[in-house]
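Enquirer: In the UniProt record's numbering, the protein residues as written are 1 to 151.
Sharing a structure with you now.
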């Protein structure tokens, strides 16, 4: 009986950690080798409950991957991620990814074109430049999904 009680205590102690892991959302990030801003963005995702895995790709292969997955050339940034049927291009904040997954619009995904200073992974948020997060529609059109003013 004592062993069962100990086993139950251990199981209950581990339950919150197991539950948190189950609630974490996996995201597959394609990037170039050694890109510091990509790694910083992946850290931002981890800090916000995502479980990013990175796959390094050569430049030309990564560009082809972006285009093959519906990212318009004008929306391209340094890394591309896949999550639950959506494409995430560039330094998209974790909160916008969560909103996308909650609202589930009929779309390719989200993009932050270029590499705006102060976006997640690109420097301090309190000193950021203004930038928009775009929703990419299936026909390649885009619309502003959210906007971030100067920090």
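Glycine included, every Cβ here is placed at the ideal spot set by N, Cα and C.
Hey, how far is the Cα of residue 107 from the Cα of residue 30?
Expert: Here residue 107 corresponds to residue number 107 of the chain shown, with the count starting at 1. Here residue 30 corresponds to residue number 30 of the chain shown, with the count starting at 1. Roughly 20 Å between the two C-alpha positions.
Enquirer: Which residue comes first and which comes last in the beta strand (DSSP E) that contains residue 147?
Expert: As a first step, residue 147 must be located in the chain shown, where it is residue number 147. 142 to 148 is the span of the beta strand (DSSP E), which, as asked, contains residue 147.
Enquirer: How should residue 134 be labelled, buried or exposed, when 16 other C-beta atoms within 10 angstroms of its C-beta is the threshold for buried?
Expert: Here residue 134 refers to the residue found at position 134 of the chain shown. Buried is the call here.
Enquirer: For the segment 40 to 107, list the alpha helix (DSSP H) runs that are entirely contained and at least 4 residues long, ordered along the chain.
Expert: Counting whole runs of 4 or more residues, the segment 40 to 107 contains the alpha helix (DSSP H) stretches 59 to 68 and 94 to 103.
Enquirer: Going by CA-CA distance only, name the one from 117, 78, 139 and 76 that's closest to residue 149.
Expert: Taking the first residue of the chain shown as position 1, residue 149 is located at position 149. It is 117.
Enquirer: Would residue 7 be called buried (16 or more neighbouring beta carbons within 10 Å of its own) or exposed?
Expert: The residue given as residue 7 occupies position 7 in the chain shown. Low confidence applies here, because residue 7 scores a pLDDT of 41, under 50, leaving its location unreliable; read the following figure in that light. That one is exposed.
Enquirer: Going along the chain, which residues of its own chain have a beta-carbon closer than 7 Å to the beta-carbon of residue 52, five neighbours each way excluded?
Expert: Here residue 52 corresponds to residue number 52 of the chain shown, with the count starting at 1. Cβ within range, chain order: 27, 29, 42, 45 and 46.
Enquirer: On the CB-based measure, 16 or more other CB atoms within 10 Å of its CB, does residue 124 come out buried or exposed?
Expert: Position 124 of the chain shown, counting from 1, holds the residue named residue 124. So residue 124 ends up on the exposed side.
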